[in-house]
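Trainee:
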Amino acid sequence: MQAKKPKYQVIKENLYHLIMSKHYKKGDLFFTEAELIQKYKASSITIKRALKELENDGFISRKQGLGTFIKKTSKDKVVHFSYTNNTSNHQEDVFILSLEKGNDPYYLSLLGLHKTEHYYTLSRQRWIDNEPYLFQKSFIPHDYIANPKADLSSYTSVYQRFFEDFKIQMAEQDFSQKTDLTLDYSHEVAEFLQLDKKQPCVRQLKLTKDKISHRILEYAEVYKNWKFFQYRINSLHYDWD
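1 is the number of the first residue of the sequence shown in UniProt numbering; add one for each residue after it.
1. Looking at the secondary structure, which residues open and close the beta strand (DSSP E) in which Q177 lies?
2. Let's see if you can read the secondary structure: which residues bound the alpha helix (DSSP H) around K52?
3. Report yes or no: do three or more beta-carbon pairs, one from the region 96-104 and one from the region 54-68, lie closer than 8 Å?
4. Are at least three pairs of beta-carbons, each pair with one atom in the region 190-199 and one in the region 108-119, less than 8 Å apart?
5. Tell me the rounded alpha-carbon separation between F229 and S176.
6. Rounded to whole angstroms, how far is the Cβ of Y133 from the Cβ of N225, which I believe are closer than 8 Å?
7. Starting from P105, trace the beta strand (DSSP E) in both directions and tell me its first and last residue.
8. Please report the Cβ distance between I216 and K206, rounded to the nearest whole angstrom; I am assuming they are in contact, meaning their Cβ atoms lie under 8 Å.
9. Determine the direct distance from the alpha carbon of V222 to that of T103, and round the result to whole angstroms.
10. Taking the alpha helix (DSSP H) that F139 belongs to, which residues open and close that run?
11. DSSP has V222 in a bridge; who is on the other side?
12. Can you tell me whether A50 is buried or exposed? The criterion is at least 16 other CB atoms within 10 Å of its CB, across all chains shown.
13. Taking all protein chains shown into account, do 16 or more other C-beta atoms lie within 10 angstroms of the C-beta of K12, making it buried, or fewer, making it exposed?
14. Of all the options E92, F139, L122 and E131, which has the alpha carbon lying nearest to the alpha carbon of L108?
15. Is the beta carbon of I47 sitting closer than 9 Å to the one on Y8?
16. How far does the alpha helix (DSSP H) with L195 in it reach, from first residue to last?
17. Within this structure, are the beta carbons of T121 and T68 separated by less than 9 Å?
18. Got a sec, what are the start and stop residues for the alpha helix (DSSP H) L18 sits in?
Structure follows, in structure tokens:
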């Protein structure tokens with residue numbers, strides 16, 4: 001015979017399903033303890049425990065003197081997102097165009113640099129099986145370029161450069177990335193990707209920040225040929241091969 005669930009657990013599950021029913025959105029005010037006591041004819045201790053469990057699971061946040069608020073809903077479900085343009089089975093070639101000093105106010109601001117400082121712009125092209133694939137410009141604060149006069153071939157991988165020169169694992173740092181399709185790209189990009197102005201390209205803008213110092217390590221502008229672009233979204237424990 002199945003054991004009867006504790007009342008706090010029944011209330012917690014009921015509230016969980018209510019939150020996940022799309023009736024609420026993030027930031028909405030939730031029931032007060034008094035309202036829940038009346039709604040479920042339960043004691044204050046039972047309601048407090050049910051709310052505490054929902055808070056521990058990340059669905060609500062309780063702010064003293066303000067109330068209880070929705071923190072996560074079904075729209076916030078954790079998923080696995082990945083770009084599927086895997087190049088591991090193809091020949092990839094990288095050509096470094098230049099490493100140039102710059103002080104454009106827009107990029108100085110993005111990188112958190114003073115107007116008297118400067119950054120370096122690293123421009124690279126990538127081919128997949130001899131077909132133009134990606135054009136990238138990386139904007140890097142001056143003090144994260146150890147040797148600006150080094151041979152350009154040493155900048156084939158920015159991640160390797162950061163690790164070898166500063167012991168920073170770029171893949172482990174905080175980042176924010178925006179991806180869209182755009183017709184707003186330079187003649188240099190259009191010429192390399194062999195696009196006419198009626199064809200879009202995939203644009204990815206990415207800021208990477210040091211997890212400890214919180215300094216911006218790199219701002220990257222990446223343009224990809226739309227023919228190579230695809231992405232996949234899966235729930236965490238399911239993958240459609």
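A virtual CB, placed ideally from N, CA and C, is assigned to each residue, including glycine.
Bear in mind that the values here come from a model prediction, so they are computed numbers and not experimental data.
Mentor: So, from the listed chains and residues:
1. By one-based count along the sequence shown, residue 177 stands at place 177. Where Q177 is concerned, the enclosing beta strand (DSSP E) stretches over D174 to T182.
2. As a working note, residue 52 is residue 52 in the sequence shown. Start and end: S44 to N56.
3. no
4. no
5. Counted from its first residue, the sequence shown places residue 229 at position 229. Counted from its first residue, the sequence shown places residue 176 at position 176. So the two alpha carbons sit approximately 19 Å from each other.
6. For the purposes of this step, residue 133 is identified with residue 133 of the sequence shown, where counting begins at 1. For the purposes of this step, residue 225 is identified with residue 225 of the sequence shown, where counting begins at 1. Going by Cβ atoms, the distance from Y133 to N225 rounds to 6 Å, so yes, they are a contact pair.
7. The residue given as residue 105 occupies position 105 in the sequence shown. Where P105 is concerned, there is no enclosing beta strand (DSSP E), although the alpha helix (DSSP H) it sits in stretches over P105 to L110.
8. The residue you call residue 216 lines up with position 216 of the sequence shown. The residue you call residue 206 lines up with position 206 of the sequence shown. With 8 Å as the limit, I216 and K206 do not qualify as a contact, their Cβ atoms being about 11 Å apart.
9. Residue 103 sits at position 103 when you count from the first residue of the sequence shown. Residue 222 sits at position 222 when you count from the first residue of the sequence shown. Sequence check: residue 103 is Asn here, not Thr. Cα-Cα distance, rounded: 20 Å.
10. Counting from one through the sequence shown, the residue named residue 139 turns up at place 139. Premise fails: F139 lies in the beta strand (DSSP E), E131 to P141, not in any alpha helix (DSSP H).
11. Along the sequence shown, read from residue 1 onward, the residue named residue 222 stands at position 222. V222 is bridged to Q136 and Q204.
12. Taking the first residue of the sequence shown as 1, we reach residue 50 at position 50. That one is buried.
13. Reading the sequence shown from its first residue, position 12 is the one you call residue 12. Buried, by the Cβ-count rule.
14. Indexing the sequence shown from 1 puts residue 108 at position 108. Closest option to L108, Cα to Cα, is F139.
15. For the purposes of this step, residue 47 is taken as residue 47 along the sequence shown, with counting starting at 1. For the purposes of this step, residue 8 is taken as residue 8 along the sequence shown, with counting starting at 1. Yes, the Cβ-Cβ distance between I47 and Y8 is below 9 Å.
16. Residue mapping note: residue 195 aligns to position 195 of the sequence shown, counting from 1. Note, L195: premise wrong, no alpha helix (DSSP H); not H, not E.
17. One-based indexing of the sequence shown puts residue 121 at position 121. One-based indexing of the sequence shown puts residue 68 at position 68. Cβ atoms of T121 and T68: not closer than 9 Å.
18. Within the sequence shown, numbered from 1, the residue matching residue 18 stands at position 18. Segment K7 to M20, the alpha helix (DSSP H) holding L18.
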